[in-house]
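Quick note, the sequence shown lines up with residues 58 to 678 if you use the working numbering.
Using N, Cα and C, we set each Cβ at its ideal position, and we do this for glycine too.
Below is one structure, written out as structure tokens; the observations come after it.
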Amino acid sequence: MLRAGHAVGRMIGAARLAALIHVIAVLPPVSALAENPLQGPVTHGLALYGDPALRKDFDHLPYANPEAPKGGRLRLGQRGGFASLNPFNARFGDAPQLIIGNVLQSLMVRSQDEPYSFYPLIAESVEIDEAREHVTFHIDPRARFSDKTPILASDVLFSFELLKSKGRPNHRAIFALVKSAVALDDHTVRFDLTGVKDREAPLILAAMPVLSKRTTKVERFDDLDMTIPLGSGPYVISEAKAGARLVLRRDPDYWARDIPSQRGLYNFDEIDIDYYRDGAALFEALKAGLLDYREETSAARWSTGYDFPAVRNGAIVKETLRPGRPTGMEGFVFNLRKGIFRDVRLREAIAMMYDFDWINANFYSGLYVRTESYFGESDYSSIGRPASAAERALLSKFPGAVRDDVLEGRWRPVQHDGSGRDRTVAKRAQALLAEAGYGVVDGRLEKNGVPLVFEIMIRDRDEERLALNFAAALKRIGIEANPRVYDEVQYQRRRQRFEYDMMIGQWLAYAVPGQEQMHRWSAASLDKEDSLNLAGAASPALDAAIDALLASRMKADSISAARALDRVLLSGFYFVPLQHVNAIWCAHSAAIRHPAHTPLFPMFPYGFTLENWWSEKARPR
58 MLRAGHAVGR MIGAARLAAL IHVIAVLPPV SALAENPLQG PVTHGLALYG DPALRKDFDH
118 LPYANPEAPK GGRLRLGQRG GFASLNPFNA RFGDAPQLII GNVLQSLMVR SQDEPYSFYP
178 LIAESVEIDE AREHVTFHID PRARFSDKTP ILASDVLFSF ELLKSKGRPN HRAIFALVKS
238 AVALDDHTVR FDLTGVKDRE APLILAAMPV LSKRTTKVER FDDLDMTIPL GSGPYVISEA
298 KAGARLVLRR DPDYWARDIP SQRGLYNFDE IDIDYYRDGA ALFEALKAGL LDYREETSAA
358 RWSTGYDFPA VRNGAIVKET LRPGRPTGME GFVFNLRKGI FRDVRLREAI AMMYDFDWIN
418 ANFYSGLYVR TESYFGESDY SSIGRPASAA ERALLSKFPG AVRDDVLEGR WRPVQHDGSG
478 RDRTVAKRAQ ALLAEAGYGV VDGRLEKNGV PLVFEIMIRD RDEERLALNF AAALKRIGIE
538 ANPRVYDEVQ YQRRRQRFEY DMMIGQWLAY AVPGQEQMHR WSAASLDKED SLNLAGAASP
598 ALDAAIDALL ASRMKADSIS AARALDRVLL SGFYFVPLQH VNAIWCAHSA AIRHPAHTPL
658 FPMFPYGFTL ENWWSEKARP R
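Structural data, given as structure tokens:
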């Protein structure tokens, strides 16, 4: 997103926002709104489809341990750095995401054991009508910020307006659809969603972080600001050194420590997060005893690198944890904003040359499987499934948007012979390139006298190894691809501004696909700085599939829409799919433990939530 440029512009924007918030604050009382009453009952939770799994009288979340001891320290490592303590502005990559949930909390909290359900937190209950056109949140009168000031409806409305105007692209997009936001009293907020036609919209509002109106500086919200935010969560920030270190200290007076959705969670007295250059540096920090927990992403290291003294003597434990979420997608992304990649035949030919079979055997000890779908290992994947009548009806309006083999569920990424130099695949790619008007002249692939040359933007040594192998494969058919490593700050800036030809992109999968798809693939997200539309995708077929997904009223409808979206994406060859393992490899100190029941749909940035872990050192002796 474009950042505010001049101080005068920021002051004008702040003044307008302040005026808008003032108007909201003086809206008519409840009696004046009685002509449009809510139809829905008061309930303790929200679900995308049906009802939440837990009843109103639930004691704790299934993956929490209410008997876990409080105390001890958790030492974590993160790759990269940070230059801000605001994780909600448009400059997503500049702030530690662990602030979310630990320091700054939302109206309601998502259960990580259900596909998409929310339970009470700042809001103790919610009202919603059957059409999902009106949602009302009732704030818990006990809710407090960490300075013990009450959380009021004015804070909720302030947060809504601020995020709508200055927040991340996803906040701005969905909040802009809200017809009105009204404070019915100091502890009640009502949102009018008439005409939105998105079942997920009330849940996105439930997940909205609540910021302090009194202390949040509107005029500095989209700056790189290291001001420590006032939150309502279980931790406060006790130390922050830009780019290097963040320390969270547990608030002994956390107002929600005994409510069911928080019971048994947030057990460490202190969480220390140090920042490292890359995965190799994080691994060395673990070996040196500087970290208590690390998730491994290198199959080679996982297979052979963990034979060091702390593992052998049991001080560090290796665990393989298995979530229930879809696998998502990681791949080399074509930036279609660059004219060189406009021809889908060129993109398909380039994708053919990625030799997964050789790479898996030689780089990953055979532990990975090829990624085939954006919603892999879930009901939402189109792989191996012929299109249903509902899918065909949706896609029939866009002739040519989906290939026949994709429509029939027969398409798979090209399989190589494992030699590292599969000539049959190379000939197929060359034939496709010739069809697209390319030819090899003096060993270089050209079209109209212009050689095909592009850069692959990468961020660390693991990506570099993969990119170098891919570049070598492309060179055999005359394509010059040049991998280039950027430091974390440069990498994030270029990603946010789409200043790359190709990069390795990752699309995390959620239990139920929804609003995030709009920010990844819609025409509306194409030119929004810092959107997740890394490929520069824009087509009526993609927009129609996303609209159908968001308008789905039943799970069967959402499955049809998601599979249609999957087929359009696969047919467009916006990426070169890489590989995945549907497991989380973690190594951790033997002194920290987690419940036997681990959540099915864990949140990020860590693959498995750490909020339900505890330190055995804190247990009374």
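**Report entry** Where the beta strand (DSSP E) containing S237 begins and where it ends
**Finding:** Position 180 of the sequence shown, counted from the start, is the residue given in the question as residue 237. Run containing S237: S237 to D242, per the beta strand (DSSP E) assignment.
**Report entry** V507 burial status per 10 Å Cβ neighbour count (16 or more: buried)
**Finding:** Position 450 of the sequence shown, counted from the start, is the residue given in the question as residue 507. The residue is exposed, with fewer than 16 neighbouring Cβ atoms inside 10 Å.
Report task. Could you tell me how far apart the beta carbons of P123 and R334 are, in whole angstroms, since I believe they sit closer than 8 Å? Result -> Walking along the sequence shown from the start, residue 123 turns up at place 66. Walking along the sequence shown from the start, residue 334 turns up at place 277. Actually they are not in contact, since the Cβ atoms of P123 and R334 sit about 39 Å apart, beyond 8 Å.
Requested in this report: State the start and end residues of the unbroken beta strand (DSSP E) segment that holds R541.
Outcome: Taking the first residue of the sequence shown as position 1, residue 541 is located at position 484. Here the beta strand (DSSP E) through R541 covers E537 to V542.
Query - Secondary structure, alpha helix (DSSP H): runs of 4+ residues fully inside the segment 466-535 - result: 480-492 and 518-532
Requested in this report: Give the secondary structure of H228 by DSSP, where H, G and I count as helix, E and B as strand, and everything else as coil.
Outcome: The sequence position of residue 228 within the sequence shown is 171, counting from 1. Reduced to three states, the DSSP call for H228 is helix.
Query raised in the report: What residues in its chain sit with their C-beta under 6 Å from that of F632, if we drop five residues either side in the sequence?
Result: Here residue 632 corresponds to residue number 575 of the sequence shown, with the count starting at 1. Hits under 6 Å: G388 and V390.
Query - Minimum C-alpha distance to A621 - residue among T481, S453 and L303 - result: If you number the sequence shown from 1, residue 621 lands on position 564. Of the candidates T481, S453 and L303, the one whose C-alpha sits nearest the C-alpha of A621 is S453.
**Report entry** Nearest neighbour of V166, chosen from P198, H101, F145 and A210 [CA to CA]
**Finding:** As a first step, residue 166 must be located in the sequence shown, where it is residue number 109. If we check each option's Cα against that of V166, H101 comes out closest.
Query raised in the report: What residues in its chain sit with their C-beta under 8 Å from that of M660, if we drop five residues either side in the sequence?
Result: Within the sequence shown, the letter at position 603 stands for residue 660. The residues are G158, R167, Q169 and T666.
Query - Where K674 falls, given that 16 or more other Cβ within 10 Å makes a residue buried - result: Mapped onto the sequence shown, residue 674 falls at position 617. Exposed.
Requested in this report: State the DSSP-derived secondary structure class of M575, mapped to helix, strand or coil.
Outcome: The residue given as residue 575 occupies position 518 in the sequence shown. If DSSP states are grouped into helix, strand and coil, M575 belongs with the helices.
Requested in this report: Give the secondary structure of D436 by DSSP, where H, G and I count as helix, E and B as strand, and everything else as coil.
Outcome: Your numbering for residue 436 matches position 379 in the sequence shown. If DSSP states are grouped into helix, strand and coil, D436 belongs with coil.
Query raised in the report: Among S579, S617, E187 and G535, which residue has its Cα nearest to the Cα of V569?
Result: Residue 569 sits at position 512 when you count from the first residue of the sequence shown. The residue with the shortest Cα to Cα distance from V569 is S617.
**Report entry** Beta-carbon separation (whole angstroms), A372 vs S646, contact threshold 8 Å
**Finding:** Against the sequence shown, residue 372 aligns to sequence position 315. Against the sequence shown, residue 646 aligns to sequence position 589. So it is a contact: roughly 7 Å between Cβ atoms.
Query raised in the report: How close, in whole Å, do the beta carbons of S289 and I156 come, if the pair is a contact with beta carbons under 8 Å?
Result: For this step, residue 289 is matched to residue 232 along the sequence shown. For this step, residue 156 is matched to residue 99 along the sequence shown. Contact doesn't hold; Cβ gap of about 12 Å is too wide.
Query raised in the report: Quick one: what does DSSP say I157 is sitting in, helix, strand or coil?
Result: Within the sequence shown, residue 157 is the residue found at index 100, counting from 1. DSSP places I157 in helix when its eight states are reduced to three.
Query raised in the report: From what residue to what residue does the alpha helix (DSSP H) around M409 run?
Result: For the purposes of this step, residue 409 is taken as residue 352 along the sequence shown, with counting starting at 1. That run of the alpha helix (DSSP H) goes V401 to M409.
Query raised in the report: Mind checking V99: buried by the 16 CB within 10 Å criterion, or exposed?
Result: One-based indexing of the sequence shown puts residue 99 at position 42. Exposed, since its Cβ has fewer than 16 Cβ neighbours within 10 Å.
Query raised in the report: For Q574 versus E257, is the C-beta distance shorter than 7 Å?
Result: Along the sequence shown, read from residue 1 onward, the residue named residue 574 stands at position 517. Along the sequence shown, read from residue 1 onward, the residue named residue 257 stands at position 200. No. Outside cutoff.
Query - Ranges of the alpha helix (DSSP H) found wholly within the segment 572-622, counting only runs of at least 4 - result: 573-578 and 597-608
Query - As assigned by DSSP and simplified to three states, the class of A180 - result: One-based indexing of the sequence shown puts residue 180 at position 123. In this structure, A180 counts as strand in the three-state DSSP scheme.
**Report entry** Exposure label - Q547; buried when at least 16 CB within 10 Å
**Finding:** Walking along the sequence shown from the start, residue 547 turns up at place 490. Burial call: exposed.
Query raised in the report: Does the count of Cβ pairs from the segment 530-544 and the segment 416-427 closer than 8 Å reach three?
Result: no
**Report entry** Contiguous beta strand (DSSP E) assignments of at least 3 residues, all confined to the segment 281-333
**Finding:** 292-298, 302-307 and 327-333
Query raised in the report: In its own chain, which residues sit with a C-beta less than 6 Å from the C-beta of H117, not counting the 5 before and 5 after it?
Result: Here residue 117 refers to the residue found at position 60 of the sequence shown. The residues are P123, P317, R320 and G321.
Requested in this report: Would you give the residue range spanned by the beta strand (DSSP E) that F398 belongs to?
Outcome: Along the sequence shown, read from residue 1 onward, the residue named residue 398 stands at position 341. Element bounds for F398: n/a, residue is neither H nor E.
Requested in this report: Leaving out five residues on either side along the sequence, give the residues of the same chain with a beta carbon under 7 Å from the beta carbon of F115.
Outcome: Position 58 of the sequence shown holds residue 115. Within the same chain, F115 has close Cβ partners P317.
Query raised in the report: From S582 to T361, what does the alpha carbon distance come to, in whole angstroms?
Result: One-based indexing of the sequence shown puts residue 582 at position 525. One-based indexing of the sequence shown puts residue 361 at position 304. Going from the Cα of S582 to the Cα of T361 covers about 42 Å.
**Report entry** Segment limits, alpha helix (DSSP H) that includes L262
**Finding:** One-based indexing of the sequence shown puts residue 262 at position 205. Element bounds for L262: A258 to A263.
Query raised in the report: Which residue or residues does DSSP assign as beta-bridge partners of K375?
Result: Stepping through the sequence shown from its first residue, residue 375 is reached at position 318. Looking at the DSSP assignment, K375 forms a beta bridge with A644.
Query - Where the alpha helix (DSSP H) through R369 begins and ends - result: What you label residue 369 is simply residue 312 of the sequence shown in a count that begins at 1. Taken as a continuous stretch (DSSP letters only), the alpha helix (DSSP H) holding R369 covers P366 to R369.
Query raised in the report: Looking only at DSSP bridge pairs, what is M560 linked to?
Result: Here residue 560 refers to the residue found at position 503 of the sequence shown. Note: M560 sits in a beta bridge opposite V390 and M514.
Query raised in the report: Residues bridged to N146 by DSSP?
Result: Mapped onto the sequence shown, residue 146 falls at position 89. G224, per the DSSP bridge assignment.
Query - Cβ shell of R442 (< 6 Å), same chain only, five flanking positions each side left out - result: Stepping through the sequence shown from its first residue, residue 442 is reached at position 385. G466.
Query raised in the report: For the putative contact between R306 and Y292, defined by C-beta atoms under 8 Å, what is the C-beta separation to the nearest angstrom?
Result: For the purposes of this step, residue 306 is taken as the residue at position 249 of the sequence shown. For the purposes of this step, residue 292 is taken as the residue at position 235 of the sequence shown. With a Cβ gap of about 6 Å, R306 and Y292 count as contacting.
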